[in-house]
Structures are given as structure tokens and as C-alpha cells.
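**Q** Count along the sequence shown starting at 1, add 2, and that's the number in my numbering.
Note that CB positions come from ideal geometry on N, CA and C, so glycine has one too.
Structure provided below as C-alpha cells; questions to follow.
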Amino acid sequence: KCVVFDDSFEHEAWNDHPSQKRVCLIVDVWHPDLSDDEVKVFRFLEKAKMKRAKTVCLSQAETNEINQSTENFYSLIYNVREKLGNAALE
């Protein structure tokens, strides 16, 4: 089942199924009324946020603090690599 919706408003979503995973593909689209300069600022902020998440994940991996409850893009990749083996994703 695939659902597409606008998530630009405050909302909650959850998966109550006990044995199936819920996977979300999030696509960000800039509002057409934003100027090029405004888009540049938002891109800069997003890039900074991703760099920080990567730094935190790598730091946690070095100290073995990373686990299934760690939630960011890089920890997801790290956990999948750990399960499948690093060679599977290189």
C-alpha cells in the first residue's frame, strides 16, 4: 500500500502492525513563492543539519553507543550495514 500526502502541517503517524515495518520516503519540494536566496538559506541549513547528524552518528559508532533506537539518516545506514555486512552496501 502506498500513500502520498502533504506533511507540511503538524501531524503524527505511527505503525501499529506488530510484525511489519513502516517505510517512509520523504520528498522535499520548495514552495514556489520562495526566492532563490531563500532556497539557498534553507539548503544551507539542511546541509548543516545533515552534517551534524553524521558527526553524531560517527561519534556514537566509535564509542559503541549507536543502537536501534538511534534515529537519524546515518544511523539507519550504519545499522543496515551492520546487519548485512559492510561489503553488501559498498
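Using a Cβ-Cβ cut-off of 7 Å (strictly less than) and excluding sequence neighbours within five positions of Ile79, which residues of its own chain qualify?
**A** Position 77 of the sequence shown holds residue 79. There are no such residues.
**Q** According to DSSP, simplified to helix, strand and coil, what is Glu40?
**A** Here residue 40 refers to the residue found at position 38 of the sequence shown. Of the three classes helix, strand and coil, the one that applies to Glu40 here is helix, per DSSP.
**Q** Are the beta-carbon atoms of Tyr76 and Ala50 separated by less than 8 Å?
**A** As a position in the sequence shown, residue 76 is number 74, starting the count at 1. As a position in the sequence shown, residue 50 is number 48, starting the count at 1. Contact flag unset, no.
**Q** Quick one: Cα of Lys53 to Cα of Thr65, how far?
**A** To locate residue 53, count along the sequence shown from 1; it is residue 51. To locate residue 65, count along the sequence shown from 1; it is residue 63. Distance between the alpha carbons of Lys53 and Thr65 is about 19 Å.
**Q** Using CA coordinates, which residue listed in Val41, Val82, Gln62 and His33 is at the minimum distance from Ser10?
**A** Within the sequence shown, numbered from 1, the residue matching residue 10 stands at position 8. Taking only the C-alpha atoms, the option nearest Ser10 is His33.
**Q** By the three-class DSSP mapping on this structure, what secondary structure does Lys53 have?
**A** Your numbering for residue 53 matches position 51 in the sequence shown. In this structure, Lys53 counts as helix in the three-state DSSP scheme.
**Q** Considering only C-alpha positions, which residue in the set Leu47, Asn81 and Phe44 is nearest to Gln62?
**A** In the sequence shown, counting from the first residue as 1, residue 62 sits at position 60. Here the closest residue by C-alpha is Asn81.
**Q** Under 7 Å: does the beta carbon of Met52 sit that close to some heavy atom of the ligand ADP?
**A** The model on display carries no ligand, and the ligand ADP is accordingly not part of it.
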